[in-house]
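So the sequence lines, in the order shown, correspond to chains W and U. All letters in the first sequence, in the order written, are residues 112 to 715 by our numbering. All letters in the second sequence, in the order written, are residues 5 to 312 by our numbering. Note that the Cβ used here is the ideal one computed from N, Cα and C, for glycine as well.
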Amino acid sequence: MLLRALRELRGRFSRSYERMSIQRVISLTFTAVAVAGALFIGLSITLRYSAVNQKMQAQASQQVLAQVNLSLDNHLRRIMRVSDTVYYRLLKNADLAEGLPTQSLSLLYEENRDSLVSIAVFDSKGQLVTAAPLSELKTSADPAGQEWFSTALGQIENVHFSTPHVQNLFQTADGSYHWVISLSRQVELTRGGASESGVLLVDMSFSGVEQICRNASIGMDGYLYIVDANGELIYHPRQQLIYAGLAQENNLEAAALSDGTHWENFQGERRQVTVKTVGYTGWKLVGVVPVQGLAVTTAQFVLFAASVLLFSIFLLVFVNGRLSAHIAEPIRRLEQAVRQTGRGGEMPQVPEEGCYEVRRLEHSIRSMVSTMRHLMDDVIQQEEDKRRSELEVLQSQINPHFLYNTLDSVIWLTESGRYEDSIRMVTALGRLFRISLSRGKRVIPLDSELDHAGYYMTIQRIRYKNKFTFEIIRETDTAGLYCLKLIIQPLLENAIYHGMAAEDDDGRITVRLWREGEDIYIDVTDNGLGMPPEVAASLLDESRPLPAKGSGIGVRNVHRRIQLAYGPGYGLEFHSEPDEGTTARIHLPVLTQPEEGTGKEAER
Amino acid sequence: MKQKGYRAWQMIVLGLLAAAMVVSLMIPESLLSPPGPGRVEISILLRQGDSGVFSTARQGMEQAAEDLGAELRFLTVEAEGGGISQVELLRRQADMDVDAAVVIPADCAALEQLLDSWQGLPVVTLESRAEGARAFVGTDDEAVGRMLARQVAASCPTSGRVLLVNAFPGCAGPARRLESAKAELEAAGFAPEVCDELMAEALEGAAAVLCFEPVSLEQAAALAAQREDRPLVYGAGVSASVVASLENGGIAAAVAWSDYAAGYLAVSQAAAAARGEPVESQTLPVTLVKEGETYDKDHQKLLYPVFS
Chain W
112 MLLRALRELR
122 GRFSRSYERM
132 SIQRVISLTF
142 TAVAVAGALF
152 IGLSITLRYS
162 AVNQKMQAQA
172 SQQVLAQVNL
182 SLDNHLRRIM
192 RVSDTVYYRL
202 LKNADLAEGL
212 PTQSLSLLYE
222 ENRDSLVSIA
232 VFDSKGQLVT
242 AAPLSELKTS
252 ADPAGQEWFS
262 TALGQIENVH
272 FSTPHVQNLF
282 QTADGSYHWV
292 ISLSRQVELT
302 RGGASESGVL
312 LVDMSFSGVE
322 QICRNASIGM
332 DGYLYIVDAN
342 GELIYHPRQQ
352 LIYAGLAQEN
362 NLEAAALSDG
372 THWENFQGER
382 RQVTVKTVGY
392 TGWKLVGVVP
402 VQGLAVTTAQ
412 FVLFAASVLL
422 FSIFLLVFVN
432 GRLSAHIAEP
442 IRRLEQAVRQ
452 TGRGGEMPQV
462 PEEGCYEVRR
472 LEHSIRSMVS
482 TMRHLMDDVI
492 QQEEDKRRSE
502 LEVLQSQINP
512 HFLYNTLDSV
522 IWLTESGRYE
532 DSIRMVTALG
542 RLFRISLSRG
552 KRVIPLDSEL
562 DHAGYYMTIQ
572 RIRYKNKFTF
582 EIIRETDTAG
592 LYCLKLIIQP
602 LLENAIYHGM
612 AAEDDDGRIT
622 VRLWREGEDI
632 YIDVTDNGLG
642 MPPEVAASLL
652 DESRPLPAKG
662 SGIGVRNVHR
672 RIQLAYGPGY
682 GLEFHSEPDE
692 GTTARIHLPV
702 LTQPEEGTGK
712 EAER
Chain U
5 MKQKGYRAWQ
15 MIVLGLLAAA
25 MVVSLMIPES
35 LLSPPGPGRV
45 EISILLRQGD
55 SGVFSTARQG
65 MEQAAEDLGA
75 ELRFLTVEAE
85 GGGISQVELL
95 RRQADMDVDA
105 AVVIPADCAA
115 LEQLLDSWQG
125 LPVVTLESRA
135 EGARAFVGTD
145 DEAVGRMLAR
155 QVAASCPTSG
165 RVLLVNAFPG
175 CAGPARRLES
185 AKAELEAAGF
195 APEVCDELMA
205 EALEGAAAVL
215 CFEPVSLEQA
225 AALAAQREDR
235 PLVYGAGVSA
245 SVVASLENGG
255 IAAAVAWSDY
265 AAGYLAVSQA
275 AAAARGEPVE
285 SQTLPVTLVK
295 EGETYDKDHQ
305 KLLYPVFS
């Protein structure tokens with residue numbers, strides 16, 4: 112199926128290709144190759160750009176995370192310094208039995224109140240030792256039962272950061288509450304010289320962390336959140352929405368990710384996730400950039416790339432069109448010249464331009480056309496010569512035949528003492544030959560042709576002892592007209608041999624001529640034996656053998672000469688009925704010039 | 005001539021494409037972002053005395069407004085029992101070409117009368133359902149009433165006097181809770197009393213007091229705290245005062261839900277209605293919080309909103 116479709120496509124392409132001009136082929140080929148190249152390069156650049164863009168976005172996210180990490184680290188270190196100060200400066204040096212460092216604690220709190228909610232010290236049983244700024248525990252408060260307390264005592268070598276929670280230790284006057292992150296550690300307390308374990312709690316305000324993270328901007332729609340090692344949310348820009356169940360975050364998955372950039376699909380959205388662990392807390396900063404956010408930058412690039420591509424394609428089409436026209440124009444002009452020459456015109460002068468091959472081709476064609484024209488002229492000349500020689504041969508066929516008969520008659524007259532008739536015959540013969548020669552002209556005045564006929568009939572009447580009469584009748588004015596010479600005489604000869612031979616003394620031969628428009632008709636009529644019409648119609652048939660007796664060849668010669676000279680529309684016709692005689696009609700064009708009819712007509 | 009015209013066109017197209025190429029570099033990125041929905045104006049019609057109680061809901065509403073491109077206008081009915089005033093206020097909002105309204109009905113009957121075949125503006129109700137409103141955001145009132153009644157039944161003898169406070173008789177939501185609780189209590193053998201106005205004297209001899217919205221619950225907790233024979237106070241809905249009373253035992257138990265979520269959903273439904281998008285009523289999940297449980301991890305997130 113596919114192969115057939117491919118074959119059909121290839122066939123269509125081949126057919127289209129065969130119909131295309133060379134300019135279009137060059138233009139399309141150049142454009143196709145250039146566009147393919149441009150697309151390939153464009154695609155490569157796009158893919159590369161896309162990869163670089165994503166990499167840059169990942170780097171940008173990492174930089175933002177690093178910055179937030181630094182700020183967060185500073186913030187947490189500040190809180191830890193408070194914790195250290197309380198422990199090493201106040202608690203280490205104090206004996207609880209002698210008095211509590213409440214004032215110093217309050218001062219320390221006041222110095223850091225923008226970040227802190229409270230500082231408190233508890234003994235190992237969870238009893239409050241000292242606190243700032245509030246010192247009255249809620250009646251429901253149970254410090255020892257809280258996670259930060261047990262963790263501090265359980266892992267004494269570390270400081271511990273809790274997840275955000277509402278502080279529920281101290282009684283507030285206005286019933287307000289604080290979301291805090293608790294930093295707790297195990298401390299050694301001295302009471303009456305005896306050392307005992309306790310817990311130092313520094314509750315930092317959640318808003319401190321929130322302020323650090325809130326203004327961090329990643330990409331167009333990106334954001335940052337913090338989770339602890341268990342995936343519990345520490346901070347999220349939509350924290351309350353998540354708590355209210357109106358939004359979700361992929362925090363549990365993110366907690367398991369290593370530092371670096373990752374890709375995830377969450378709620379049908381593909382996102383670039385960058386993770387950075389916050390040093391000693393075990394928290395993870397997670398930067399999220401939805402792919403759609405990246406796509407805005409990509410869309411701008413795609414728009415630019417599309418416009419560049421469109422511009423490039425159009426420019427290529429334009430340039431290739433001009434270029435191919437420049438290359439193909441000389442070929443096209445040459446082709447037009449050849450076509451014009453083929454229609455029979457002269458090959459026009461083609462300006463010499465174009466590349467080497469085209470110039471050489473033009474020279475070759477011009478040379479070839481010139482050679483062909485010479486050859487054709489030669490062929491035409493040869494044809495003309497051949498026709499002339501054929502005509503001359505046909506004409507020359509008359510003379511020996513007639514001469515033989517006439518001379519035979521002159522001999523006979525002289526021998527019988529009819530010198531006067533002999534003289535008349537020889538005189539007529541001489542004039543006859545004079546007209547026959549006509550200085551080599553083939554076309555002579557019609558009057559001369561009629562004279563020629565008259566001389567001929569003079570000779571024949573002497574020969575045949577005036578057994579027949581002869582008359583020339585001009586029905587219309589034919590003065591000044593011309594015709595092929597020696598066209599009437601063979602018909603007279605034919606009339607004499609076939610019409611008059613059997614007559615007694617009442618034979619009659621009439622030559623009647625008239626003009627009809629541009630045609631001349633000459634009828635040679637005898638009142639002889641005649642012949643059946645079908646025999647008369649076949650007299651000029653070249654395929655039929657000549658009659659055994661007579662000069663049928665002369666009639667056919669006349670017919671052929673006329674047709675060779677003037678075309679198939681002219682020539683001879685025979686009309687005959689047995690015992691009623693025969694009429695041979697000559698049909699000629701009107702010639703008013705001596706050489707008319709020997710040019711174009713003769714070539715037909 | 006034709007050839008020249010053709011070339012001129014080619015040059016023009018080339019010029020245009022070159023210009024497009026330059027312009028594509030200069031287009032600001034914001035133009036490539038799909039345009040967000042247009043801003044809509046939404047009026048929030050609160051009852052008298054609701055402002056404090058609905059502060060958390062208000063935060064949710066403002067968050068939704070920020071997310072969805074809405075502009076909020078908070079309006080409170082000035083007069084007591086202002087069902088009619090609220091309806092008039094709503095009518096005025098329509099006249100002012102406000103796009104949608106979120107209403108906490110003061111008088112459901114009056115509101116339903118207005119909304120019946122009213123084309124003024126789409127209305128989303130909070131707390132109480134109203135016929136004709138496009139959507140409702142609130143709790144399953146019957147379930148809330150039953151939960152409270154069961155708490156009373158579990159902690160009081162059936163002979164004890166149980167007071168059901170009907171502070172907003174015009175509000176369908178609290179009224180449905182009350183009716184549900186009453187039916188449940190009666191089924192359990194109690195003879196609950198319904199009072200429209202909570203006075204200190206009314207608490208005398210009461211074993212339990214049930215309130216069905218946070219305003220009367222605050223009042224009941226305050227009145228009960230003044231008495232030596234302190235009745236057990238139960239209620240629906242939370243406020244800062246209610247949470248404090250839950251913490252210190254002033255309230256025995258309360259059915260809580262996220263007002264933040266309620267506010268957020270109400271505004272998001274109203275914004276959708278204003279834009280001609282489909283809307284649907286939202287039923288909020290509820291949690292029973294007993295005295296002393298306010299700091300449980302999950303309850304913290306519900307009762308103490310995280311606001312910076």
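Going by C-alpha to C-alpha distance, which of W/T569, W/G153, W/E688, W/L640 sits closest to W/S423? For the purposes of this step, residue 423 of chain W is taken as residue 312 along the first sequence, with counting starting at 1. Closest by alpha carbon: W/G153.
Taking only beta carbons into account, state which residues of the stretch 262-290 of chain W come closer than 7 Å to chain U, listed in chain order. Only H276, V277, N279, G286, Y288, W290 from the stretch 262-290 of chain W bring a Cβ to less than 7 Å from some Cβ of chain U.
Please check if any C-beta of chain U sits within less than 9 Å of the C-beta of W/G432. Here the question's residue 432 of chain W lines up with position 321 in the first sequence. Taking Cβ atoms only, chain U reaches closer than 9 Å to W/G432, which makes this a yes.
U/V213 beta carbon less than 9 Å from that of U/V166: Residue mapping note: residue 166 of chain U aligns to position 162 of the second sequence, counting from 1. Residue mapping note: residue 213 of chain U aligns to position 209 of the second sequence, counting from 1. Yes; because the gap between Cβ atoms is below 9 Å, this pair is in contact.
Distance check for U/S220 and U/C199, CA to CA, integer angstroms please. The count along the second sequence starts at 1 and reaches residue 199 of chain U at position 195. The count along the second sequence starts at 1 and reaches residue 220 of chain U at position 216. So the two alpha carbons sit approximately 11 Å from each other.
Any C-beta of chain W sitting closer than 9 Å to the C-beta of U/T298? For the purposes of this step, residue 298 of chain U is identified with residue 294 of the second sequence, where counting begins at 1. U/T298 counts as touching chain W.
Of the choices U/E208, U/E281, U/P32, whose alpha-carbon is the least far from that of U/D233? To locate residue 233 of chain U, count along the second sequence from 1; it is residue 229. With distances taken between Cα atoms, U/D233 lies closest to U/E208.
Quick one: give me the first and last residue of the beta strand (DSSP E) that W/W290 is part of. Your numbering for residue 290 of chain W matches position 179 in the first sequence. Its beta strand (DSSP E) spans residues 290-302.
Thinking just about the alpha-carbon of each residue, which of U/A69, U/T80, U/W122, U/A206 is nearest to the one in U/F58? Stepping through the second sequence from its first residue, residue 58 of chain U is reached at position 54. Nearest option by C-alpha distance: U/T80.
Does W/K359 come within less than 9 Å of chain U when only Cβ atoms are used? Here residue 359 of chain W corresponds to residue number 248 of the first sequence, with the count starting at 1. It should be pointed out that residue 359 of chain W corresponds to Gln in this sequence rather than to Lys. For W/Q359, the answer is no, since every Cβ of chain U falls outside 9 Å of its Cβ.
Does the beta carbon of U/V310 come closer than 9 Å to any beta carbon on chain W? Taking the first residue of the second sequence as 1, we reach residue 310 of chain U at position 306. At least one chain W Cβ lies under 9 Å of U/V310.
Taking all protein chains shown into account, decide if W/W290 is buried (16 or more other Cβ within 10 angstroms of its Cβ) or exposed. Here the question's residue 290 of chain W lines up with position 179 in the first sequence. Buried, since its Cβ has 16 or more Cβ neighbours within 10 Å.
Look at the alpha carbon of W/V407 and the alpha carbon of W/E360, and state the distance between them as a whole number of angstroms. Residue numbering aside, residue 407 of chain W sits at position 296 when the first sequence is read from its first letter. Residue numbering aside, residue 360 of chain W sits at position 249 when the first sequence is read from its first letter. Annotation note: pLDDT 49 at W/V407 (below 50); position unreliable, no value reported.
So who's on the other strand from W/G682, going by DSSP bridges? Here the question's residue 682 of chain W lines up with position 571 in the first sequence. Answer is W/H698, bridged to W/G682.
Which of helix, strand or coil DSSP assigns to W/D234: Within the first sequence, residue 234 of chain W is the residue found at index 123, counting from 1. Reduced to three states, the DSSP call for W/D234 is strand.
List the residues of chain U that W/S217 touches, going by C-beta distances under 8 Å, in chain order. As a first step, residue 217 of chain W is located in the first sequence; it is residue number 106 there, counting from the start. Those do not exist, as W/S217 stays about 26 Å from chain U at its closest Cβ, beyond 8 Å.
Within 9 Å (strictly less), CB to CB, does W/Q168 reach chain U? One-based indexing of the first sequence puts residue 168 of chain W at position 57. Chain U, which has no Cβ nearer than 9 Å to the Cβ of W/Q168, makes this no.
In angstroms with no decimal places, state the Cα-to-Cα distance between U/A276 and U/V283. Taking the first residue of the second sequence as 1, we reach residue 276 of chain U at position 272. Taking the first residue of the second sequence as 1, we reach residue 283 of chain U at position 279. If you take the alpha carbons of U/A276 and U/V283, they lie about 6 Å apart.
Any idea if W/G708 is buried or exposed, counting beta-carbon neighbours within 10 angstroms, 16 or more meaning buried? Along the first sequence, one-based indexing puts residue 708 of chain W at 597. Note that W/G708 has pLDDT 45, beneath the 50 cutoff, so the model's placement of it is unreliable and no number is given.
Where in the stretch 260-303 of chain U do unbroken runs of the beta strand (DSSP E), each at least 3 residues long, occur, reported from the N-terminal end onward? 291-294, all fully within the stretch 260-303 of chain U.
Look at the alpha carbon of W/A713 and the alpha carbon of W/S549, and state the distance between them as a whole number of angstroms. Within the first sequence, the letter at position 602 stands for residue 713 of chain W. Within the first sequence, the letter at position 438 stands for residue 549 of chain W. Model confidence at W/A713 stands at a pLDDT of 37, short of 50, so the residue's coordinates are unreliable; what they give is reported in the following sentence. Taking C-alpha positions only, W/A713 is separated from W/S549 by approximately 19 Å.
Straight-line CA distance for U/W261 to U/E297? Position 257 of the second sequence holds residue 261 of chain U. Position 293 of the second sequence holds residue 297 of chain U. So the alpha carbons of these two residues sit roughly 15 Å apart.
From U/A12, U/R231, U/T129, residue whose alpha carbon lies closest to that of U/L115: Walking along the second sequence from the start, residue 115 of chain U turns up at place 111. If we check each option's Cα against that of U/L115, U/T129 comes out closest.
Can you give, in chain order, each stretch of the beta strand (DSSP E) that sits fully within the stretch 42-120 of chain U and has at least 3 residues? 44-50, 74-80, 104-107
Under 9 Å, do U/L236 and U/A258 count as touching if we go by C-beta distance? Residue numbering aside, residue 236 of chain U sits at position 232 when the second sequence is read from its first letter. Residue numbering aside, residue 258 of chain U sits at position 254 when the second sequence is read from its first letter. Not in contact: U/L236 and U/A258 (Cβ atoms no closer than 9 Å).
Mind checking U/M151: buried by the 16 CB within 10 Å criterion, or exposed? Counting from one through the second sequence, the residue named residue 151 of chain U turns up at place 147. That one is buried.
Is W/V399 close to chain U? Criterion is C-beta to C-beta, closer than 9 Å. Mapped onto the first sequence, residue 399 of chain W falls at position 288. Chain U contact via Cβ: absent.
Straight-line Cα distance separating W/E526 from W/G565: The count along the first sequence starts at 1 and reaches residue 565 of chain W at position 454. The count along the first sequence starts at 1 and reaches residue 526 of chain W at position 415. In this structure, the alpha-carbon of W/G565 lies about 25 Å from that of W/E526.
Run down chain W in chain order and give the residues with a C-beta less than 9 Å from the C-beta of U/S121. Walking along the second sequence from the start, residue 121 of chain U turns up at place 117. Residues of chain W passing the Cβ test: none, with the nearest at roughly 33 Å.
Helix, strand or coil: how does DSSP classify W/R159 here? Residue mapping note: residue 159 of chain W aligns to position 48 of the first sequence, counting from 1. Helix, per DSSP.
Let's see if you can read the secondary structure: which residues bound the beta strand (DSSP E) around U/W122? In the second sequence, the residue the question calls residue 122 of chain U occupies position 118. Careful: U/W122 lies outside any beta strand (DSSP E) and carries neither H nor E.
I need the DSSP call for W/H271, collapsed to helix, strand or coil. Locating residue 271 of chain W in the first sequence gives position 160, where the first residue counts as 1. Looking at W/H271 - three-state DSSP - the assignment turns out to be strand.
By DSSP, does W/I323 sit in helix, in strand, or in coil? Position 212 of the first sequence holds residue 323 of chain W. In the three-state scheme derived from DSSP, where H, G and I count as helix and E and B as strand, W/I323 is classed as helix.
Name the residue from W/F513, W/D558, W/A355, W/I673 whose alpha carbon lies nearest to the alpha carbon of U/L64. Residue mapping note: residue 64 of chain U aligns to position 60 of the second sequence, counting from 1. Reading the sequence as shown, one finds Gly at residue 64 of chain U and not Leu. Of the listed residues, the one whose Cα sits closest to U/G64 is W/A355.
Using a Cβ cut-off of 8 Å, pull out every chain U residue sitting near W/Q214, in sequence order please. Here residue 214 of chain W refers to the residue found at position 103 of the first sequence. Result: empty, since nearest Cβ-Cβ is about 30 Å, beyond 8 Å.
Put U/L18 into one of helix, strand or coil per three-state DSSP. Here residue 18 of chain U is taken as the residue at index 14 of the second sequence, counted from 1. Residue state, collapsed to three classes: helix.
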